Ligand code: GLN
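If you want it as structure tokens, here you go:
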């Protein structure tokens with residue numbers, strides 16, 4: 077038996093990427109929780125970067141930040157949204173992080189002069205990393221990044237192969253996600269890619285127990301039998317992973333295909349029958365809205381919605397509580413100028429400027445924030461979105477014409493956003509210091525920080541309490557030297573660190589809804605608990621739209 081009796085499910089993917097392995101893993105977690113089991117999830121990524129913090133969102137999608145300040149793969153966002161698991165540093169390992177640990181041990185002399193090799197040293201390190209998260213849960217779901225056949229993933233696959241022998245047969249399950257494409261010209265579903273992928277997996281010693289077959293239609297009994305025969309699994313272990321309209325339907329589809337039943341049968345665990353009413357209601361709400369609003373997201377990574385995964389979900393969650401479909405248009409801030417704001421933004425019900433780094437498109441973001449303030453369009457600024465709102469306010473209302481963030485313009489005469497070089501850090505309870513020359517990654521304010529809200533504010537109305545905790549990922553801060561001047565001009569500071577020295581939320585009075593926050597609320601929004609700031613932003617947008625009715629598209 078494994079320690080404390082945890083059981084392990086390993087999820088691999090075949091044929092091609094983007095089949096939804098992260099969502100499948102998250103949905104398995106949701107189903108097992110609905111049966112009363114406690115779960116945690118872990119992602120093992122084959123790339124060499126130590127973490128995704130330094131990776132370009134264009135290539136890799138969003139960097140998801142956990143409470144403990146880990147910069148992780150965006151799949152951890154799915155895991156937290158679909159389950160109650162609270163994740164951290166130990167829930168995401170990359171090849172880089174594993175090698176880093178092994179090399180550190182080697183330098184320290186831990187291997188006592190032995191030759192350090194992929195097997196057993198790297199594979200042992202991987203297995204130890206998996207065991208790290210297995211305390212206090214019934215089930216650990218481990219997703220292996222990449223696709224079967226990739227050179228990089230081999231050490232991870234070898235480690236999970238060995239894991240069954242270590243932990244015991246009844247404690248380990250292999251689930252493989254594959255593709256069953258429908259070929260229009262032949263008029264049929266093709267099983268060959270799945271056969272090949274499973275063959276590849278078996279050639280490295282892993283026989284999958286369950287196959288999740290991604291397809292656009294339900295698999296017939298005949299097709300399932302054929303796949304079962306060629307892939308050496310039982311027919312009821314061939315599960316249709318059908319395309320869905322909304323991602324929160326995935327657990328329901330899996331359940332109707334008998335997935336959770338099969339998992340508990342194979343792992344030999346007794347559980348209560350699953351309770352899925354919450355998920356059913358969620359999907360009903362999402363697919364039958366009464367109203368619709370149009371939100372402009374003005375950002376840099378506009379070509380790739382993956383870069384704003386949590387943000388998109390949080391907007392959708394915020395809409396749900398308002399019975400409202402949220403349509404978002406991504407606008408490239410490089411194309412926005414003070415003169416064309418009216419053309420580009422006149423039709424929208426709300427403007428959101430998300431987080432970002434660097435100067436590209438910054439003037440467009442400042443213009444959008446200024447336009448929202450002047451035209452009284454609901455505005456939500458997140459991290460960089462708050463910083464540009466402060467810059468726009470300083471320039472246009474407080475008369476500091478050349479105000480800027482020192483990140484973008486180090487020579488600005490009025491750095492209303494600047495690099496704080498010394499502050500008391502609530503997370504570590506220590507004084508922290510940094511300079512412009514400090515390491516980019518090492519000096520960010522990362523993870524959960526407490527914040528105290530001012531009563532009589534939009535923030536307090538939303539949260540309904542004074543003390544909150546939210547996740548950060550930034551280096552620059554509101555410059556307190558300008559606080560009095562900006563407040564005098566009408567900027568309201570409605571959230572600060574408990575000591576009052578870090579400004580966390582700003583608002584503008586005499587506006588329907590204008591709020592900027594230094595943290596990233598999107599990381600904590602869940603379909604079952606939509607984030608209050610997103611809820612209230614969408615509500616303001618809905619009011620702005622005059623409660624525009626949702627008219628379903630004619631079929
Ligand atoms: N670039 C800004 C900073 O580092 C904002 C970061 C963000 O939006 N996540 O402070």
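Residue numbers (the working numbering): 77 to 631. A virtual CB, placed ideally from N, CA and C, is assigned to each residue, including glycine. Small disclaimer: the values here were computed from a predicted structure and weren't measured.
Close Cβ partners of residue i (< 8 Å) along its chain, the five nearest in sequence each way excluded
| i | result |
| --- | --- |
| residue 322 | 359, 362 and 363 |
| residue 626 | 365, 366, 367, 368, 400 and 401 |
| residue 497 | 509, 510 and 511 |
| residue 427 | 371, 372, 374, 421, 444, 445, 447, 448, 453, 454, 455 and 456 |
| residue 302 | 267 |
| residue 346 | 340 |
| residue 536 | 529, 530, 542 and 570 |
| residue 276 | 90, 224 and 225 |
Of the listed residues the options, nearest to residue i (C-alpha basis)
| i | options | result |
| --- | --- | --- |
| residue 115 | 138, 187, 218 and 145 | 218 |
| residue 372 | 295, 447 and 160 | 447 |
| residue 505 | 495, 258 and 524 | 524 |
| residue 444 | 418, 435, 431 and 433 | 418 |
| residue 105 | 228, 154 and 90 | 154 |
| residue 221 | 211, 427, 214 and 233 | 233 |
| residue 138 | 259, 596, 607 and 111 | 596 |
| residue 555 | 462, 503, 622 and 546 | 462 |
| residue 200 | 236, 190, 183 and 180 | 236 |
| residue 579 | 568, 258 and 273 | 568 |
| residue 348 | 355, 337, 354 and 356 | 337 |
| residue 250 | 574, 440, 85 and 184 | 85 |
| residue 612 | 588, 538 and 184 | 538 |
| residue 404 | 536, 416, 412 and 389 | 389 |
| residue 270 | 171, 225, 262 and 436 | 225 |
| residue 711 | 530, 474 and 196 | Residue 711 lies beyond the stretch modelled for the chain, which goes from 77 to 631, so this question has no answer here. |
| residue 383 | 410, 355, 433 and 300 | 433 |
| residue 436 | 479, 470 and 485 | 485 |
| residue 468 | 272, 439, 487 and 488 | 439 |
| residue 178 | 202, 164, 160 and 156 | 202 |
| residue 149 | 120, 549, 161 and 274 | 120 |
| residue 534 | 108, 584, 320 and 180 | 584 |
Residues of its chain near residue i, where Cβ-Cβ distance is below 6 Å and the 5 sequence neighbours each way are ignored
| i | result |
| --- | --- |
| residue 205 | 169 |
| residue 638 | The requested residue 638 does not occur in the structure, where the chain is confined to residues 77 to 631. |
| residue 315 | 288, 333 and 335 |
| residue 127 | 147 |
| residue 83 | 215, 247 and 343 |
| residue 574 | 526 and 528 |
| residue 483 | 552 |
| residue 398 | 614, 615 and 618 |
| residue 558 | 492 |
| residue 355 | 327 and 328 |
| residue 424 | 370 and 372 |
Check: residue i C-beta below 7 Å from any heavy atom of the ligand GLN
| i | result |
| --- | --- |
| residue 138 | no |
| residue 480 | no |
| residue 384 | no |
| residue 147 | no |
| residue 431 | yes |
| residue 460 | yes |
| residue 483 | yes |
| residue 508 | no |
| residue 547 | no |
| residue 552 | yes |
| residue 463 | yes |
Cβ-based neighbour list, residue i, same chain, cut-off 7 Å, excluding 5 preceding and 5 following
| i | result |
| --- | --- |
| residue 209 | 116, 118, 166, 167 and 216 |
| residue 586 | none |
| residue 110 | 350, 351 and 352 |
| residue 95 | 89, 253, 255 and 290 |
| residue 98 | 151, 154 and 219 |
| residue 158 | 102, 103, 105 and 106 |
| residue 412 | 374, 420, 440, 443 and 444 |
| residue 376 | 409, 432, 436 and 437 |
CB contact below 8 Å: residue i versus chain D
| i | result |
| --- | --- |
| residue 286 | The displayed structure is made up of one protein chain only, and chain D is not part of it. |
beta-carbon residue i near the ligand ADP non-hydrogen atom, thresh 7 Å
| i | result |
| --- | --- |
| residue 164 | With respect to the ligand ADP, the structure shown offers nothing to examine, as its ligands consist of the ligand GLN. |
If contact is defined by three or more beta carbon pairs under 8 Å, each pair taking one atom from either stretch, is the segment 235 to 245 in contact with the segment 143 to 152? Flag = no, the segment 143 to 152 and the segment 235 to 245 do not touch.
Kindly confirm or deny that the segment 388 to 399 and the segment 603 to 613 touch, where touching means at least three C-beta pairs closer than 8 Å. Yes, the segment 388 to 399 is in contact with the segment 603 to 613.
Evaluate the contact criterion for the segment 280 to 300 versus the segment 84 to 104: three or more CB pairs, one atom per stretch, below 8 Å. Because the criterion of three Cβ pairs below 8 Å is met, the segment 280 to 300 and the segment 84 to 104 touch.
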